[in-house]
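In the numbering used here, the protein residues as written are 4 to 286.
Below: the structure, in structure tokens.
Structural data, given as structure tokens:
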């Protein structure tokens, strides 16, 4: 006999036994509500429920069981035994069904407790991993920020280096131009010196009586020539000299030309032999 057949027999029993019907009407309302819940519980027990849902259902099932036990006890004391036997069977079937539900609930409760314990374990591991990962994320973010700062600094440094390189290249070009000017001026000075040598040869006859003065002037002149040649060689080998040094060299060559003009215009140049030795030295 299933639950719905028992319910139909129960309705027939109520019609034929007004006294029993009155006793049933005096029963607690939660008993009838428990039967209704029992039907719903049977229909929905196949799904997975939470631990709290199972606890609520267990309380309702226990109330149903208490109500059924009370009804069974009352049915046994009823005077209408032939009619109560069918109703007792209905209650007994309900009692058996509730026992099955309780047993199933306990199984679900144990399973839920295991799942809850496992979920708590996973939750603790997740929290631990989350905190660890969060710390690693913070460290990674700090590293990224540091790399960003380093990248910005490297970009700025690269810009500075590019600007310095451009300035250096520009300065090198300017120095090359200045060096070329110096070379031209030096060649011009050498030509002038050569001309002065030719003129000096022509004046050898007049320099005989001033031999000593000419000798000392020639020594000074040789020193100037040597210094000029050395400065020229140094300026050719070192291109990245500062501009002010090159300007000083230009001024030095100008001063040298003025000194040469002064030496030529001396009235006491008379020694020709020294002039010949100087000509051989220049050659």
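All C-beta atoms, glycine included, are put in the ideal place defined by N, C-alpha and C.
In three-state terms, what does DSSP make of residue i?
i: residue 185; result: helix
i: residue 174; result: helix
i: residue 114; result: helix
i: residue 206; result: coil
i: residue 99; result: helix
In whole angstroms, give me the CA-to-CA distance for residue i and residue j.
i: residue 67; j: residue 101; result: 8 Å
i: residue 159; j: residue 224; result: 54 Å
i: residue 184; j: residue 190; result: 10 Å
i: residue 61; j: residue 93; result: 21 Å
i: residue 127; j: residue 119; result: 12 Å
i: residue 208; j: residue 254; result: 34 Å
i: residue 144; j: residue 150; result: 10 Å
i: residue 11; j: residue 90; result: Its pLDDT being 38, under 50, residue 11 is placed unreliably in this model, and the value from its coordinates should be taken loosely. If you take the alpha carbons of residue 11 and residue 90, they lie about 10 Å apart.
i: residue 170; j: residue 257; result: 30 Å
i: residue 107; j: residue 113; result: 10 Å
i: residue 161; j: residue 137; result: 35 Å
i: residue 130; j: residue 148; result: 26 Å
i: residue 109; j: residue 146; result: 54 Å
By the 10 Å Cβ neighbour count, where 16 or more other Cβ atoms means buried, how is residue i classified, buried or exposed?
i: residue 232; result: exposed
i: residue 97; result: buried
i: residue 64; result: buried
i: residue 219; result: exposed
i: residue 181; result: buried
i: residue 115; result: buried
i: residue 125; result: exposed
i: residue 111; result: buried
i: residue 192; result: buried
i: residue 157; result: exposed
i: residue 70; result: buried
i: residue 205; result: exposed
i: residue 196; result: buried
i: residue 164; result: exposed
i: residue 178; result: buried
i: residue 222; result: exposed
i: residue 104; result: buried
i: residue 142; result: exposed
i: residue 85; result: A caution first: residue 85 carries a pLDDT of 48, below 50, which makes its placement in the model unreliable, though a value can still be read off. Residue 85 should be labelled exposed.
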